[in-house]
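These notes are about the structure you will find just below.
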Amino acid sequence: MSGRPVVGVITFPGSNGDYDALHAMREDVGVEARFVDYRETSLSGIDAVVLPGGFSYGDHLRCGAIARFAPVMAPLAEFAGAGGPVLGICNGFQVLTEAHLLPGALLRNGTMRFHCHWSHIRIESDRTAWTGGIAEATVLRLPVAHGEGSYFADPETIAMLEAQGQIVARYCTPDGTVDESSNRNGSVGSIAAVSNAAGNVVGIMPHPERAANELVGGADGLRLLRAVLGGAVAAPA
Amino acid sequence: MAIPDGAWREVALSDDEWTRISELLGREPTPVELGMFGSMWSEHCGYKHSRPLFRFFRTSAPWVIQGPGENAGAVDIGDGLAAVFKVESHNHPSAVEPYEGAATGVGGIVRDIFTMGARPIAVLDGLRFGHLDVPRNRYLFSNVVAGIGGYGNCLGIPNVGGEVFFDPAFNGNPLVNAMCVGIVPHDKLTRARAEGPGNVLMVAGADTGRDGLGGATFSSVDDPEASHRGVIQVGNPFLERQLIEACLELLETDDIVAMQDMGAAGLTSSLVECTSRGGVGAEIDVQKVPRREEGMTAYEVMLSESQERMLLVVRPEGVERVTGILERWSLHAAVVGQVTDDGLVRVRDGDEVVVEVPAGLFTDECPTYEPEAKEGERPIAARARAVPADSISDPEDLFGRLDQLLGSPNIASRRPVIEQYDHTILTNTVVAPGQGDAAVLRIKGTTRGLAISLDCNSRYCSLDPRLGARHAVAEAARNVSCVGGTPLALTNCLNFGNPRRPAGYYQLSQAVQGIADASAAFTIPVVSGNVSLYNETDQSAVLPTPTIGVVGVLDDVTRHASMNWQTDDVLLLLGAGEPTLGGSEYLAVIEGESWGQPPALDMDAEVALTRFVRQQIAAGELRTAHDVGLGGLLVALTEMAILSGVGFLADAGSIGAGETAWFGESASRILVAVPANASAGLLTAAEAAGIRARPLGMAGGDAITIGDAARSLSDLARTWETGLERALDTTVSATA
Amino acid sequence: MSEETSESRWRVAVTVLPKAGVNDPAGESIRHGLEQLGYDGVDTVRAGKVITLVVQAESEDLARATVERMGEQLLANPVIETFSVDVEPFQART
Amino acid sequence: MSEETSESRWRVAVTVLPKAGVNDPAGESIRHGLEQLGYDGVDTVRAGKVITLVVQAESEDLARATVERMGEQLLANPVIETFSVDVEPFQART
Ligand SMILES: Nc1ncnc2c1ncn2[C@@H]1O[C@H](COP(=O)(O)OP(=O)(O)O)[C@@H](O)[C@H]1O
Ligand SMILES: [Mg+2]
Chain A
1 MSGRPVVGVI TFPGSNGDYD ALHAMREDVG VEARFVDYRE TSLSGIDAVV LPGGFSYGDH
61 LRCGAIARFA PVMAPLAEFA GAGGPVLGIC NGFQVLTEAH LLPGALLRNG TMRFHCHWSH
121 IRIESDRTAW TGGIAEATVL RLPVAHGEGS YFADPETIAM LEAQGQIVAR YCTPDGTVDE
181 SSNRNGSVGS IAAVSNAAGN VVGIMPHPER AANELVGGAD GLRLLRAVLG GAVAAPA
Chain B
1 MAIPDGAWRE VALSDDEWTR ISELLGREPT PVELGMFGSM WSEHCGYKHS RPLFRFFRTS
61 APWVIQGPGE NAGAVDIGDG LAAVFKVESH NHPSAVEPYE GAATGVGGIV RDIFTMGARP
121 IAVLDGLRFG HLDVPRNRYL FSNVVAGIGG YGNCLGIPNV GGEVFFDPAF NGNPLVNAMC
181 VGIVPHDKLT RARAEGPGNV LMVAGADTGR DGLGGATFSS VDDPEASHRG VIQVGNPFLE
241 RQLIEACLEL LETDDIVAMQ DMGAAGLTSS LVECTSRGGV GAEIDVQKVP RREEGMTAYE
301 VMLSESQERM LLVVRPEGVE RVTGILERWS LHAAVVGQVT DDGLVRVRDG DEVVVEVPAG
361 LFTDECPTYE PEAKEGERPI AARARAVPAD SISDPEDLFG RLDQLLGSPN IASRRPVIEQ
421 YDHTILTNTV VAPGQGDAAV LRIKGTTRGL AISLDCNSRY CSLDPRLGAR HAVAEAARNV
481 SCVGGTPLAL TNCLNFGNPR RPAGYYQLSQ AVQGIADASA AFTIPVVSGN VSLYNETDQS
541 AVLPTPTIGV VGVLDDVTRH ASMNWQTDDV LLLLGAGEPT LGGSEYLAVI EGESWGQPPA
601 LDMDAEVALT RFVRQQIAAG ELRTAHDVGL GGLLVALTEM AILSGVGFLA DAGSIGAGET
661 AWFGESASRI LVAVPANASA GLLTAAEAAG IRARPLGMAG GDAITIGDAA RSLSDLARTW
721 ETGLERALDT TVSATA
Chain C
1 MSEETSESRW RVAVTVLPKA GVNDPAGESI RHGLEQLGYD GVDTVRAGKV ITLVVQAESE
61 DLARATVERM GEQLLANPVI ETFSVDVEPF QART
Chain D
1 MSEETSESRW RVAVTVLPKA GVNDPAGESI RHGLEQLGYD GVDTVRAGKV ITLVVQAESE
61 DLARATVERM GEQLLANPVI ETFSVDVEPF QART
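Right, here's the structure in full:
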């Protein structure tokens with residue numbers, strides 16, 4: 001890595017959180033950021049990757065199912081395999097599960113409705129690239145905006161995730177209590193974010209990039225977006 | 001091919017209109033021409049019954065960059081930027097297929113905005129349905145909301161406001177109005193005028209199917225279901241998202257002469273409007289239009305309302321570049337013809353010419369009507385009927401009524417709707433829906449913000465359409481002022497019944513004049529709008545509903561107001577509006593119907609009051625404001641308390657006792673809250689500005705206390721929060 | 001499956017597809033996805049829903065009739081969709 | 001439909017259903033809706049997807065094999081779904 005870290009924001013056809021992620025990274029976090037088109041075949045020069053929210057391919061079939069086969073996904077898998085920090089937000093999270101870079105799947109919200117509201121999450125692991133330095137049990141306030149955000153994995157997988165510390169955050173009340181009232185989409189174990197075993201790839205349903213400025217409702221998301229700068233941006237060659 | 005006798009009626013043309021068309025052409029039209037006339041001379045495209053009324057509108061001001069006549073209006077908002085906006089109805093399609101009808105309504109209004117070169121930054125929606133105890137209304141409501149969310153959420157444009165209103169008059173005739181606002185640098189504003197003979201016409205976006213054939217004409221006849229033939233339009237927001245990005249990128253090149261979206265009447269209206277605005281002619285070959293279905297006729301291609309399509313006028317040397325850009329966004333495009341200099345719209349089907357008509361015959365020659373206007377008996381009687389005198393003075397009983405109002409569908413929290421719409425995307429939302437009287441959006445790269453509100457009290461309009469329309473403008477402008485915005489201009493959507501009934505035309509013509517009155521008094525010109533008539537079934541028409549969207553600007557977006565107050569704030573009521581139960585929601589909820597003389601509107605007082613409030617906000621003196629609307633003073637105070645999570649204590653004397661004091665409605669009343677040490681200053685400033693200001697009490701505690709009587713805030717909040725869900729699903733109990 | 005019990009159980013699948021001519025963006029995206037994966041010669045892709053359920057009825061015909069009614073009332077939207085019903089005797093699965 | 005052409009066309013339906021144990025809110029809300037409409041004795045409601053398409057292949061078996069691959073790669077997500085494939089010769093419809 002030479003000089004300032006560069007964050008790549010991948011744009012798939014139908015991504016719509018791409019501008020927000022780019023803006024937050026540039027203006028609020030203050031790093032260099034650029035779009036990476038889904039047809040690109042290399043991530044060279046990129047130190048961290050964000051897969052933004054949206055409706056890639058209209059969310060047709062399943063969210064993320066078609067985007068997963070985009071050309072950029074091959075270098076992304078390599079990048080992730082080499083320990084490069086990757087953050088999938090909302091639709092980006094769905095793409096990462098479809099691509100088997102993260103465990104589990106995201107189902108239709110239990111209410112069968114789209115949910116847009118500010119939510120609270122409790123950080124469960126500070127051992128990931130995107131939560132380093134955020135003490136466990138810290139409560140962050142972030143907006144959600146999804147129709148299919150109900151995290152699912154079978155019981156064995158969940159047990160494994162628990163054992164390996166791969167559950168990154170759970171929905172909670174403002175005071176940090178994990179209960180059903182705050183688990184509005186019906187996620188297994190109130191899971192809002194998970195990581196891969198190495199901790200460099202994180203998927204999160206709420207939107208940190210939309211909580212990067214007090215003027216628009218809150219800035220807790222900056223803590224996640226910034227965490228990656230605290231060392232994890234030691235990118236693969 | 002000869003036209004069978006009477007066939008013109010199937011495309012909603014009258015016998016006289018048929019004769020006129022034949023005279024103008026000097027021959028009988030071909031079938032394709034007839035279909036095109038049917039669409040272009042429909043109410044939707046031709047504004048037959050409304051155009052003559054538009055002369056009343058004030059449409060210009062120094063800050064107006066584009067008035068009515070283009071795809072949307074535009075106003076200067078400073079920093080070299082313009083706000084581009086318009087509201088449009090999708091009532092009839094939504095009555096037939098609520099999800100897709102509402103979804104494609106959003107798709108259509110968004111296309112109007114980016115066609116002007118503007119990047120869409122907000123959507124609002126004004127919805128009206130019959131009561132939710134009718135299963136069909138529940139179905140319509142749930143699916144309309146899902147459709148608006150489904151399309152807008154996928155596009156990634158935040159939905160930041162609107163209205164939901166229920167009244168039995170909307171049984172079978174829901175109203176679905178969608179507004180979109182976009183931002184564009186002045187020099188990028190694009191107008192849809194075909195120019196330069198030899199320039200190339202291209203169709204871009206979705207392939208053409210048999211969607212919605214006859215849509216434009218079916219909004220002009222009484223029974224949408226019966227007259228509807230062809231296939232229901234199913235929208236593809238994913239494709240539209242690509243189209244937005246591609247079109248905005250295309251406008252960065254010098255290759256585009258004009259751009260026109262295809263909405264009602266599809267290729268017909270986009271071709272005709274583009275050529276007639278530019279004073280040129282055009283020739284296309286329908287065989288070159290990419291199709292989704294086999295065996296489509298020229299008629300079908302010309303009148304299809306397939307969504308997500310654009311007509312582009314391209315310089316010949318740019319065709320390749322344009323095609324390349326579209327392909328990069330995975331969009332099809334095809335060259336279908338070119339601009340000509342003979343003023344004719346000529347359509348070929350291969351070698352055969354199937355249409356050859358001077359463009360102006362479709363537009364300028366469209367007949368207009370000013371039928372008889374006569375007020376109906378019912379509104380006259382309803383207005384004359386005296387409202388009940390106050391009979392309740394015990395605060396406990398008044399609190400009981402407050403409970404009833406808070407839980408009623410027109411007043412209860414809109415959260416179940418708002419939460420189905422993405423309102424945080426684009427990260428501009430400073431005051432979110434439900435948090436203030438209008439939405440506030442920041443404009444990135446500047447210090448400014450926009451304030452936007454969409455309003456209409458249909459009930460006032462039904463009792464007195466001219467006064468009601470003035471109220472609609474006043475309310476939208478007041479809402480914008482209450483968050484700190486200076487109203488700049490308005491857009492309107494005229495939703496009415498059959499104008500050929502004298503009572504219907506009376507409502508329409510009076511409402512237009514009411515809009516014109518208030519628009520002039522408040523200096524907010526009309527820059528765009530849309531008309532939807534024939535919203536009636538079986539002699540029962542919708543409440544006349546001139547929906548008004550107002551856009552305002554905040555020079556410093558950090559100085560804005562919301563409904564939130566803080567413990568120990570002093571509560572003041574500004575303005576001299578006199579509450580009345582006439583036309584009130586209180587009567588509708590308690591008596592099952594509303595009647596009487598709606599509140600008076602003193603437009604000078606309203607102007608002074610709203611100017612004062614936005615000046616105080618801009619000066620940083622005021623951060624909490626909420627106008628008194630449906631449900632009156634106590635409903636407004638309680639909404640603020642619930643949203644703030646802080647109760648209040650008011651002096652019984654300052655609130656007053658009785659239904660009128662608690663629940664009566666008026667214009668020109670704004671509740672504000674300021675820290676105790678600022679209240680004297682505000683009172684002095686109000687006095688200096690000639691604004692009546694009355695202290696009501698203080699914010700604090702977890703109850704609403706008026707004199708000796710109190711109600712727990714959490715109980716009231718639960719009633720208000722669950723009201724809409726309860727009405728929707730009888731299995732959800734009040735305590736759930 | 002014994003036909004003599006008055007109420008037998010039936011396993012039913014209701015297949016709901018967009019009507020002919022109705023725009024089908026999901027089918028379009030799936031076709032595109034398959035193309036990307038290198039499948040050639042795929043066409044007429046339509047995306048629909050299937051609802052499977054178990055009902056009680058005295059006969060297969062009655063089961064079908066019931067489910068046809070469900071289709072008309074709730075499972076399909078007749079304005080834009082068509083549906084078909086498959087019925088087979090219910091065998092409890094292990 | 002001529003069987004002798006080396007590439008025949010096949011009409012295929014891929015039915016995708018949620019796996020046992022996976023939440024199925026759509027199925028749940030349909031069951032609830034049917035109940036509200038007065039249908040008793042309805043159970044095991046599952047809501048899934050169906051994708052119909054036409055493929056070219058030399059034989060029915062090859063068509064099936066191709067579509068099974070599509071199912072594994074794209075049409076179903078094995079973490080949450082199972083799928084089945086039906087193949088029949090394609091008959092151009094009038
Ligand atoms: N259909 C809707 N879509 C989005 N927001 C809505 C809708 N209906 C109401 N809202 C929002 O809910 C809030 C309350 O609406 P309303 O009671 O009409 O407010 P007011 O009377 O102050 O205009 C406002 O912020 C409004 O913009
Ligand atoms: Mg309002």
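Chains as they are written, first to last, in the numbering used here: chain A, 1 to 237; chain B, 1 to 736; chain C, 1 to 94; chain D, 1 to 94.
Beta carbons are placed, not taken as given, at the ideal position from N, Cα and C, and that holds for glycine.
Specify the secondary structure class of H100/A as computed by DSSP and reduced to three states.
The answer is coil: DSSP assigns H100/A none of H, G, I, E or B.
Can you confirm whether the segment 509 to 524 of chain B touches the segment 458 to 470 of chain B when touching is taken to mean that 3 or more C-beta pairs between the two stretches lie within less than 8 Å?
Yes, they touch.
If you draw a straight line from the C-alpha of P476/B to the C-alpha of H49/B, how long is it?
Checking the sequence, you will find Ala at residue 476/B rather than Pro. Roughly 26 Å separates the two Cα atoms.
Report back the beta-carbon spacing between A333/B and V203/B to the nearest angstrom; my notes put them in contact at under 8 Å.
Sure, about 7 Å apart at Cβ, within 8 Å.
Output the distance between the C-alpha atoms of Q287/B and V22/C, rounded to the nearest integer angstrom.
So the alpha carbons of these two residues sit roughly 21 Å apart.
Determine whether the Cβ of I51/C lies closer than 8 Å to any Cβ atom of chain A.
Not one chain A Cβ lies under 8 Å of I51/C.
Taking any Cβ of chain D, which residues in the segment 195 to 227 of chain A have a Cβ under 8 Å from it, in chain order?
Listed by position along the chain: nothing, the set is empty.
Over the uninterrupted beta strand (DSSP E) stretch that includes V63/B, give me the two end residues.
Note on residue identity: the sequence assigns Trp, not Val, to residue 63/B. W63/B -> no beta strand (DSSP E), and no H or E assigned at all.
So, helix, strand or coil for R9/B, using DSSP?
If DSSP states are grouped into helix, strand and coil, R9/B belongs with the helices.
Using a C-beta cutoff of 8 Å, does F12/A count as contacting chain C?
Judged by the 8 Å Cβ criterion, F12/A is not in contact with chain C.
Can you give the beta carbon distance from G104/A to V194/A, rounded, assuming they're within the 8 Å contact cut?
Going by Cβ atoms, the distance from G104/A to V194/A rounds to 6 Å, so yes, they are a contact pair.
Are there three or more Cβ pairs, one per stretch, closer than 8 Å when the segment 267 to 276 of chain B is compared with the segment 83 to 97 of chain B?
No, they do not touch.
According to DSSP, simplified to helix, strand and coil, what is S220/B?
Caution is warranted here: a pLDDT of 48 is assigned to S220/B, below 50, making its placement in the model unreliable, and no coordinate value can be reported.
Quick check on T368/B: buried or exposed, where buried means 16 or more other Cβ atoms within 10 Å of its Cβ?
The residue is exposed, with fewer than 16 neighbouring Cβ atoms inside 10 Å.
May I have the straight-line CA-CA distance separating V430/B from G73/B, to the nearest angstrom?
Whole-angstrom Cα-Cα distance: 24 Å.
What ranges does the beta strand (DSSP E) occupy inside the segment 282 to 344 of chain B, keeping only unbroken runs of at least 3 residues that lie completely in it?
If we require 3 residues or more, the beta strand (DSSP E) runs fully inside the segment 282 to 344 of chain B come out as 309 to 314, 332 to 340.
Looking only at C-alpha atoms, which of D28/A, D20/A, F69/A, P5/A sits nearest to E35/C?
Of the candidates D28/A, D20/A, F69/A, P5/A, the one whose C-alpha sits nearest the C-alpha of E35/C is F69/A.
I need the straight-line Cα distance from P598/B to R448/B, nearest angstrom please.
Cα-Cα distance, rounded: 37 Å.
Among C456/B, Y505/B, Q507/B, E293/B, whose alpha-carbon lies nearest the alpha-carbon of N492/B?
Of C456/B, Y505/B, Q507/B, E293/B, the residue nearest in Cα terms is C456/B.
Can you name the start and end residues of the alpha helix (DSSP H) that Y506/B belongs to?
Start and end: 502 to 521.
Would you identify the three-state DSSP class for W595/B, choosing helix, strand or coil?
W595/B: coil per DSSP, three-state reduction.
Taking only the alpha-carbon atoms, compute the straight-line gap between R191/B and P68/B and give it to the nearest angstrom.
Using only the alpha carbons, I get a separation of about 12 Å.
Say whether the segment 573 to 583 of chain B touches the segment 657 to 675 of chain B, bearing in mind that this needs 3 or more beta-carbon pairs closer than 8 Å, one atom from each stretch.
Verdict: yes, contact present.
Closer than 7 Å by beta-carbon distance: list the chain B residues that pair up with F114/A, in chain order.
The contacting residues are G149, N153, Q420.
Who are G48/D's beta bridge partners in DSSP?
Partner(s): V50/C.
For V36/A, I'd like the list of residues in its chain whose CB is within less than 8 Å of its CB, leaving aside the five on either flank, ordered along the chain.
Contacts found: G8, V9, I10, T11, L43, I46, V49, V72.
Under 7 Å Cβ to Cβ from V164/B, same chain only, skipping five residues before and after it: list those, please.
Contacts found: L127, R414, V417.
Report all residues from its chain with a CB closer than 6 Å to the CB of E32/A; omit the five preceding and five following residues, and keep chain order.
Correct list, in chain order: R4, V6.
Name, in chain order, the residues that DSSP records as bridge partners for I704/B.
In DSSP, I704/B forms a bridge with F648/B, R711/B.
Determine the chain B residues that contact D238/A at a beta-carbon separation under 8 Å, and present them in chain order.
The first residue shown for chain A is 1 and the last is 237, placing residue 238/A beyond what the model contains.
Mind checking which residues open and close the alpha helix (DSSP H) that includes P75/A?
73 to 81 is the span of the alpha helix (DSSP H), which, as asked, contains P75/A.
So that I know if they touch, is there some Cβ in chain B lying closer than 8 Å to that of H117/A?
Interface residue, yes.
With a threshold of 8 Å between beta carbons, is Y57/A in contact with chain B?
Chain B, which has a Cβ nearer than 8 Å to the Cβ of Y57/A, makes this yes.
I'd like to know if L75/C contacts chain A, where contact means its C-beta is closer than 8 Å to some C-beta of that chain.
By this cut-off, L75/C is not an interface position.
Let's see if you can read the secondary structure: which residues bound the beta strand (DSSP E) around R122/A?
Element bounds for R122/A: 115 to 123.
Check L441/B in the structure and name its three-state DSSP category.
In the structure shown, L441/B sits in a strand (DSSP, three-state: E or B).
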